[in-house]
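Structure representation (C-alpha cells):
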C-alpha cells in the first residue's frame, strides 16, 4: 500500500478519506486466499465465455438462439424475471433488521443488500443480452432517446430497477464508508433510504409481473395473481440464496456463526414457500377445472400437447423440488442440520428458478396467439450467455462481500495503527 | 482491477507486498487481453456507421434530414445488392382511413396472398417469411385452436374454410402501448408502422400482439439482388436491418399512392376488399354497412381495422 499522507483532522476530509476508502476496497476485493483467487478466476472465465457468445450473437444475429417468431422470448427473459425476484428477496433481511430492529440481523443485513445490487446488475445484463440492437440502447434513456413513459411497462421497469440499484448502492456505500472511518452511521443518512428500499423491492417485482399480466392476448400471463405469486416466490429464492451465502461465508471466510439470522430466514421461507405453492395450486385449479381454450398453455406445460411436450419434465421437476423443499422447511431444528438446510435451500432456489423462469415465460407463447404449437428449448449459445451473466453477478457479489465483511467485522479500518495490509488479508 | 493495469516497476528489494501487486497486475493484464479477445467478434465485419448509430427517431427528422437518410439507405442498398432502389417516404393521404375485409365464403386458401406479400415486401428468402398466415379451419367452429396453418395438398377441402390473418391495424394497438422507445406507432390513416432504424429489438410488441402479426429479423434478411423489389418505402418494404421487428403495413408505399395492397392484387378469388372507410362510395364502406362482419378476438378490445364476413 502506498503510504498515506498524515491528515490533521480525518473526520472532515472526505475528499482525502473517500478515495482512500475506494482504494482499500479495490485492494481488498482483489486480495485473498488461493481459494478466493481460484473462485474469482473461474467466474471470470465463465463470464468471458458468455461475453464471447454474446458477441457472436450480436454479429451473426439472434438466429443463433432457439427463439422464433412464435416463442419470441426465451432463456434470457426467463432468467431476468427470476433474478428480479432474487434482487427483491434481499429485502427479507432488511425488514427484520430495520422494521423489527433485530440486532443480529443488522450485523449481516449487508449480505442481502449486496445481493440486491449484484442481482439487479445481472438483470440489466439479461435485458441487454435479449436486445436485437444493443447498439441502440440509448434510445431507452429518458431525455436522450424516446422514453415511452408511462404507457410502456418496460419503461417503468427501467426506472424501478435503476432506482433500486441506486438506493441500495447508497445505503451500502454509506454504511461501509462510515464503518471504515470507525464512526457511527448517522440514521438520517440511511434510515429513510432503507425504508424506501423496502417499498421499492416490492415495486420491482410487481412491475416485472405487470410486464406480463398486462397483456390481454396472452391468457397464461393475464392473471391478477401473477404479481403476488412473483413476490411470494421472490421471498423464497432470495432468502434461500442468502442462507446459502452465509453458510459459505462461515465455512470459507471465517464469518461468525450466523445462526440467529439464518433461523429468522428459515422461518420466513417456511411461510413464503407455502404461500407460493398455494397460489400456484389456485391458478392451476382455475385453469384445469374450467377448461377451455384459455387453459391451453397450462395443459401444454404440465401435460404436453401430442408430440410437443418439451417443458413437461422441467415443470414436474420444479413441482417435486418445491414440495420437497416446502416439507423440509417445516422440519423443526432445520437450522442445526446444515446438510439438510443446504439441500432445502438448493431445492427451493432451483424450484423457483424453473417455475418462474422457463416455466412461466415459455408457455406464455405456446400455443401462439394463432394457436400454433412451436416449441422452444434454449440453444447452446443462450446457455453460454446466461452462464456468463450469472458469473458476472457472482463476481460482483463476491468482490463486494470481500470488501464488506472485513469492514463490518472491524478488521478493515481507515489507517489502523500497524500494518494496514495485513488487516485486509485475514481470509 | 484497472488501477493495477499499468505495471509498476518492481522495486529492487522485492517484498511480499510488491510480488502480490505484480501478480495482480499480471492478472489484470491477462484479464483485459482475454476480454478483448472475447468481444473481438463485435468488430469483425461490423457494418455500423456513425450516421446510422446517431440517427434520430422518424418523427424528429426534418424534411432535409429525411432526404439525407433516404439517400444514405439507397446507397447502402445499392452497395449490398448492386441494384438501384428507390426508398420513398409516402405520407398519409388526407381524410383517409384504410380498412381491410376478407370474404371467408370466397377465400379458398390458395395462399397467393402469402406469396405476393413475401415478394412485394422483400422478405427473407431463407425463412420464406410473410406477414400473412392462413388458417385452415373445420366448418362448424370459429375456434382458432381447431385451425391448421401448415396445411398442404389441394384446396379448398370440402369441409374446411380458410382464414388469412395478418396485422389487424388495431385502433387500440397493444403493441404500440408496450414499446419502450416509441419505435412503433399508428399513423393518421390507421396504419401501424415501425421505424426500423429506431427499434431496439426487445420484442415486447411481439409478446403483446394477440394476432401473431409481428416478425423479428433473427438475422440479416437474404434477398437475392435479382429478386429485390426496388420500389421501397422507409416505413414499409425496404430490406430490413438485422435485429429489428417488422409487420404488415398495408403496403403503404403502394396504397398511399392510390394502388392496392399486393396481397389483394394477387388474390384470384376476389375475397379481399380494401379501401378508405371515410369514402362513402367505397366498396369497403358498402361491405361494412351491408354484410354481417366480425373482427378477431373482439373481447380483447383492440378494435381491429380488419374485418371478416361470410356471404352465404
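Protein chains in written order, with the numbering used here: chain A, 2 to 428; chain B, 23 to 334. Glycine included, C-beta positions come from ideal geometry on N, C-alpha and C. No experiment lies behind these values; they were computed from the predicted model shown.
Taking all protein chains shown into account, decide if residue i is buried (16 or more other Cβ within 10 angstroms of its Cβ) or exposed.
{"i": "residue 123 of chain B", "result": "buried"}
{"i": "residue 88 of chain B", "result": "exposed"}
{"i": "residue 279 of chain B", "result": "exposed"}
{"i": "residue 209 of chain A", "result": "buried"}
{"i": "residue 327 of chain B", "result": "buried"}
{"i": "residue 212 of chain A", "result": "buried"}
{"i": "residue 144 of chain B", "result": "buried"}
{"i": "residue 78 of chain A", "result": "buried"}
{"i": "residue 279 of chain A", "result": "exposed"}
{"i": "residue 189 of chain A", "result": "exposed"}
{"i": "residue 18 of chain A", "result": "buried"}
{"i": "residue 375 of chain A", "result": "exposed"}
{"i": "residue 207 of chain B", "result": "buried"}
{"i": "residue 275 of chain B", "result": "buried"}
{"i": "residue 108 of chain B", "result": "exposed"}
{"i": "residue 131 of chain A", "result": "buried"}
{"i": "residue 384 of chain A", "result": "exposed"}
{"i": "residue 259 of chain A", "result": "buried"}
{"i": "residue 15 of chain A", "result": "exposed"}
{"i": "residue 31 of chain B", "result": "Its pLDDT being 47, under 50, residue 31 of chain B is placed unreliably in this model, and the coordinates cannot settle the point."}
{"i": "residue 164 of chain B", "result": "exposed"}
{"i": "residue 317 of chain A", "result": "exposed"}
{"i": "residue 304 of chain A", "result": "exposed"}
{"i": "residue 172 of chain A", "result": "buried"}
{"i": "residue 196 of chain A", "result": "exposed"}
{"i": "residue 390 of chain A", "result": "buried"}
{"i": "residue 73 of chain B", "result": "exposed"}
{"i": "residue 231 of chain A", "result": "buried"}
As a quick exercise: from the options, pick the residue whose alpha carbon is nearest that of residue i.
{"i": "residue 257 of chain A", "options": "A:410, A:219 and A:326", "result": "A:410"}
{"i": "residue 170 of chain B", "options": "A:405, A:384 and A:369", "result": "A:369"}
{"i": "residue 58 of chain A", "options": "B:286, B:265, B:306 and B:272", "result": "B:265"}
{"i": "residue 204 of chain B", "options": "A:187, A:293, A:38 and A:148", "result": "A:148"}
{"i": "residue 55 of chain B", "options": "A:38, A:46, A:39 and A:89", "result": "A:46"}
{"i": "residue 114 of chain B", "options": "B:214, B:66, B:42 and B:154", "result": "B:214"}
{"i": "residue 95 of chain B", "options": "B:82, B:81 and B:77", "result": "B:77"}
{"i": "residue 9 of chain B", "options": "A:184, A:373 and A:379", "result": "Since the first and last residues shown for chain B are 23 and 334, residue 9 of chain B lies out of range."}
{"i": "residue 151 of chain B", "options": "B:102, B:235 and B:329", "result": "B:235"}
{"i": "residue 269 of chain A", "options": "A:97, A:40 and A:402", "result": "A:97"}
{"i": "residue 1 of chain A", "options": "A:343, A:384, A:203 and A:216", "result": "Look at the range of chain A in this structure, 2 to 428, and you will see that residue 1 of chain A is not part of it."}
{"i": "residue 116 of chain A", "options": "A:283, A:245, A:33 and A:194", "result": "A:245"}
{"i": "residue 347 of chain A", "options": "A:358, A:357, A:323 and A:359", "result": "A:323"}
{"i": "residue 399 of chain A", "options": "A:387, A:381 and A:247", "result": "A:247"}
{"i": "residue 126 of chain B", "options": "B:48, B:267, B:61 and B:186", "result": "B:186"}
{"i": "residue 239 of chain A", "options": "A:20, A:55, A:53 and A:92", "result": "A:92"}
{"i": "residue 289 of chain B", "options": "B:134, B:244 and B:210", "result": "B:134"}
{"i": "residue 66 of chain B", "options": "A:60, A:344 and A:266", "result": "A:60"}
{"i": "residue 69 of chain A", "options": "B:229, B:63, B:84 and B:45", "result": "B:229"}
{"i": "residue 228 of chain A", "options": "A:371, A:379 and A:281", "result": "A:281"}
{"i": "residue 109 of chain A", "options": "A:32, A:158, A:243 and A:311", "result": "A:243"}
{"i": "residue 186 of chain A", "options": "A:401, A:107, A:339 and A:157", "result": "A:107"}
Given a cut-off of 7 Å, decide if residue j and residue i are closer than it, judged by their beta-carbon atoms.
{"i": "residue 129 of chain B", "j": "residue 248 of chain B", "result": "no"}
{"i": "residue 158 of chain B", "j": "residue 131 of chain B", "result": "yes"}
{"i": "residue 65 of chain A", "j": "residue 377 of chain A", "result": "no"}
{"i": "residue 415 of chain A", "j": "residue 177 of chain A", "result": "no"}
{"i": "residue 76 of chain A", "j": "residue 387 of chain A", "result": "yes"}
{"i": "residue 138 of chain A", "j": "residue 80 of chain A", "result": "no"}
{"i": "residue 218 of chain B", "j": "residue 263 of chain B", "result": "yes"}
{"i": "residue 111 of chain A", "j": "residue 405 of chain A", "result": "yes"}
{"i": "residue 165 of chain A", "j": "residue 199 of chain A", "result": "no"}
{"i": "residue 113 of chain A", "j": "residue 94 of chain A", "result": "yes"}
{"i": "residue 226 of chain A", "j": "residue 284 of chain A", "result": "yes"}
{"i": "residue 227 of chain B", "j": "residue 201 of chain B", "result": "yes"}
{"i": "residue 299 of chain A", "j": "residue 352 of chain A", "result": "no"}
- Item | Contact the stretch 113-123 of chain A vs the stretch 390-398 of chain A: 3+ CB pairs below 8 Å | yes
- Write down every uninterrupted run of the beta strand (DSSP E) in the stretch 84-122 of chain B whose length is 3 residues or greater and which is fully enclosed by it, in chain order. 108-110
- Query: Between the stretch 269-283 of chain A and the stretch 330-341 of chain A, are three or more C-beta pairs nearer than 8 Å?
  - Reply: yes
- Item | Whole alpha helix (DSSP H) elements within the stretch 187-240 of chain B, 4-residue minimum | 196-200 and 226-230
- Message: Can you confirm whether the stretch 350-367 of chain A touches the stretch 22-33 of chain A when touching is taken to mean that 3 or more C-beta pairs between the two stretches lie within less than 8 Å?
- Response: no
- Item | alpha helix (DSSP H) segments (min. 4 residues) lying fully within the stretch 337-390 of chain A | 339-357 and 359-362
- Please confirm if the stretch 302-313 of chain B is in contact with the stretch 216-224 of chain B, defined as three or more CB-CB distances below 8 Å between the two stretches. Between the stretch 302-313 of chain B and the stretch 216-224 of chain B there are fewer than three inter-stretch CB-CB distances shorter than 8 Å, so the stretches are not counted as touching.
- Message: For the pair the stretch 244-261 of chain B and the stretch 97-111 of chain B, tell me if three or more CB-CB distances fall below 8 Å.
- Response: yes
- Hey, which unbroken runs of the beta strand (DSSP E) at 3 residues or more fall wholly within the stretch 77-120 of chain A? none
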